[in-house]
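Novice: Here it is: the structure, laid out below.
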Amino acid sequence: MTAIQPPHPSPENGLKADSLLVDRTGAVVTLTLNRPEAMNSFTVDLKEALRDTLASLESDRSCRAIVLAGAGGAFCGGQDLREHAAQLEKSTDLNTVQVHYNPIAQRLANMPKPVVAAVRGMAAGAGASLALLADFRIGGPKTSFLMAFANVGLAGDSGISWSLPRIVGHARAIELLLLAEQVRAERAYEIGMLTRLLEDDEQVLPAAQELAARLAAGPTVAYGAIKRELSIGDAGTLSDALAAEAQAQSICGATADHRAAVDAFLNKRKPTYEGR
């Protein structure tokens, strides 16, 4: 496993290279939020590192799947409220949602390759929001979610108003956001917030990386097209969905992966996909 740095982690632009660990194993890139002493809560440095690294990975053809994880015993506690309080003393007109959280959410939701969240421990506030934008979420016994926004007098952000109702339904989303009560692992799995619930917290990250490696070896162009189809089909009309499907099949039908899969089927062997 070799470590690569987030884009431009230089002192000149204020990024701290160690706030986000970026590790590559084959075609899988693991992004680890690395502030374990503060439940991996988001500072400006960490938000900028994650935003810019996701932008870089979006067009990186050597990366075919992404794992999002947190260091230590938590996934992510959301916004760092100590830094936030200091900023509020200067101005209440903060733009971190527009500048940081919205671009991160867009990158995760629209990433043209699979994203797996290794949700070990607490995922709160924006941390929960971003985990729910992953395609797969793997957790263990100590995993929990907390839609903490209302507890600090805020509305939801980082895509939670889009992702949560799609996963748990509108009525339950209202309950989770207004009451802001902790959702523990078994309940989170029951209502779809977790894709897979393991018996051992220590296996959460390895299982997420194993799943990402399996996905990275698959037809990743098709995976990206399927994600786009679903995002349109979820909110659009049947006509919208059919148009999206026609466009997706036109793209996928011209790929080397499709030709390889058809050839492998006809010759009774397993296909090898190259993501193109």
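Mapping to the working numbering: the sequence shown position 31 is 32, numbers consecutive. Positions of the beta carbon are idealized from the N, C-alpha and C atoms, including for glycine.
How many angstroms separate the CA atom of Leu206 from the CA atom of Ala110?
Specialist: If you number the sequence shown from 1, residue 206 lands on position 205. If you number the sequence shown from 1, residue 110 lands on position 109. Distance between the alpha carbons of Leu206 and Ala110: 21 Å.
Novice: Under the rule that 16 or more other beta-carbon atoms within 10 Å means buried, what is Ile139, buried or exposed?
Specialist: Against the sequence shown, residue 139 aligns to sequence position 138. Counting Cβ neighbours within 10 Å, Ile139 comes out buried, since at least 16 surround it.
Novice: Among Leu216, Glu246 and Arg215, which one has its Cα closest to the Cα of Arg229?
Specialist: Mapped onto the sequence shown, residue 229 falls at position 228. Cα-wise, what sits closest to Arg229 is Glu246.
Novice: What's the C-alpha gap between Ala118 and Val68?
Specialist: For the purposes of this step, residue 118 is identified with residue 117 of the sequence shown, where counting begins at 1. For the purposes of this step, residue 68 is identified with residue 67 of the sequence shown, where counting begins at 1. For Ala118 and Val68, the distance between alpha carbons rounds to 6 Å.
Novice: What is the residue span of the alpha helix (DSSP H) that Asp235 lies within?
Specialist: To locate residue 235, count along the sequence shown from 1; it is residue 234. Per DSSP, Asp235 belongs to the alpha helix (DSSP H) from Thr221 to Ala236.
Novice: Between Val29 and Gln210, is the Cβ-Cβ spacing less than 8 Å?
Specialist: For this step, residue 29 is matched to residue 28 along the sequence shown. For this step, residue 210 is matched to residue 209 along the sequence shown. It is a contact, given that the beta carbons lie within the stated cut-off.
Novice: Measure the beta-carbon distance from Thr33 to Ala72 and round it to whole angstroms, keeping in mind my assumption that it falls under 8 Å.
Specialist: As a working mapping, residue 33 is identified with position 32 in the sequence shown. As a working mapping, residue 72 is identified with position 71 in the sequence shown. 5 Å between Cβ atoms; contact.
Novice: Using CA atoms only, rank isn't needed, just tell me which of Arg185, Leu198 and Leu155 is closest to Leu178.
Specialist: Against the sequence shown, residue 178 aligns to sequence position 177. Nearest option by C-alpha distance: Leu155.
Novice: Can you give me the Cβ contacts of Leu22 inside the same chain, cut-off strictly under 6 Å, excluding the 5 residues immediately before and after it?
Specialist: As a first step, residue 22 must be located in the sequence shown, where it is residue number 21. Exclusion of the five residues before and after Leu22 leaves Thr33 and Asn35 as the residues of its chain whose Cβ lies within less than 6 Å of its Cβ.
Novice: Would you identify the three-state DSSP class for Ala265, choosing helix, strand or coil?
Specialist: The residue you call residue 265 lines up with position 264 of the sequence shown. Helix.
Novice: How would you call Lys91, buried or exposed, if buried means at least 16 neighbouring beta carbons within 10 angstroms?
Specialist: Numbered from its first residue, the sequence shown carries residue 91 at position 90. By the 10 Å Cβ count, Lys91 comes out exposed.
Novice: Taking all protein chains shown into account, do 16 or more other C-beta atoms lie within 10 angstroms of the C-beta of Phe76, making it buried, or fewer, making it exposed?
Specialist: The count along the sequence shown starts at 1 and reaches residue 76 at position 75. The residue in question, Phe76, is buried, as its Cβ has 16 or more Cβ neighbours within 10 Å.
Novice: Can you list, in chain order, the residues of its chain with a C-beta nearer than 7 Å to that of Ala226? Leave out the 5 residues immediately preceding and following it.
Specialist: What you label residue 226 is simply residue 225 of the sequence shown in a count that begins at 1. Closer than 7 Å at Cβ, skipping near neighbours: Ala249, Ile252 and Cys253.
Novice: Using a Cβ-Cβ cutoff of less than 7 Å, which residues in the same chain neighbour His259 once the five nearest sequence positions on both sides are dropped?
Specialist: For this step, residue 259 is matched to residue 258 along the sequence shown. Cβ neighbours of His259 beyond the five flanking positions: Cys253.
Novice: Looking at the unbroken alpha helix (DSSP H) that takes in Arg305, where does it start and where does it end?
Specialist: With the chain running from 2 to 277 in the structure shown, residue 305 is simply not present.
Novice: Give me, in chain order, the residues of the same chain whose beta-carbon lies closer than 7 Å to that of Gly219; leave out the 5 immediate sequence neighbours on both sides.
Specialist: Position 218 of the sequence shown, counted from the first residue, corresponds to residue 219. The answer, listed in chain order, is Tyr274.
Novice: Look at the Cβ atom of Ala149, then the Cβ atom of Ala181, and state whether they are nearer than 8 Å.
Specialist: Position 148 of the sequence shown, counting from 1, holds the residue named residue 149. Position 180 of the sequence shown, counting from 1, holds the residue named residue 181. Their beta carbons are under 8 Å apart, which means Ala149 touches Ala181 by this criterion.
Novice: Rounded to whole angstroms, what is the Cα-Cα separation between Leu147 and Gln183?
Specialist: What you label residue 147 is simply residue 146 of the sequence shown in a count that begins at 1. What you label residue 183 is simply residue 182 of the sequence shown in a count that begins at 1. The alpha-carbon of Leu147 is positioned some 5 Å away from that of Gln183.
Novice: Can you tell which of Ala70, Thr97, Ala172 and Ile233 has the C-alpha that lies nearest to the C-alpha of Asp46?
Specialist: As a first step, residue 46 must be located in the sequence shown, where it is residue number 45. That would be Thr97, whose Cα lies nearest to the Cα of Asp46.
Novice: Using DSSP with H/G/I as helix, E/B as strand and the rest coil, what is Leu199?
Specialist: Counting from one through the sequence shown, the residue named residue 199 turns up at place 198. Reduced to three states, the DSSP call for Leu199 is coil.
Novice: Alpha carbon to alpha carbon, how far is Ala262 from Ala217?
Specialist: As a position in the sequence shown, residue 262 is number 261, starting the count at 1. As a position in the sequence shown, residue 217 is number 216, starting the count at 1. Approximately 16 Å between the Cα atoms of the pair.
Novice: Would you mind reading off the limits of the alpha helix (DSSP H) that contains Leu89?
Specialist: Here residue 89 is taken as the residue at index 88 of the sequence shown, counted from 1. Looking at the DSSP string, the run of the alpha helix (DSSP H) that includes Leu89 is Leu82 to Lys91.
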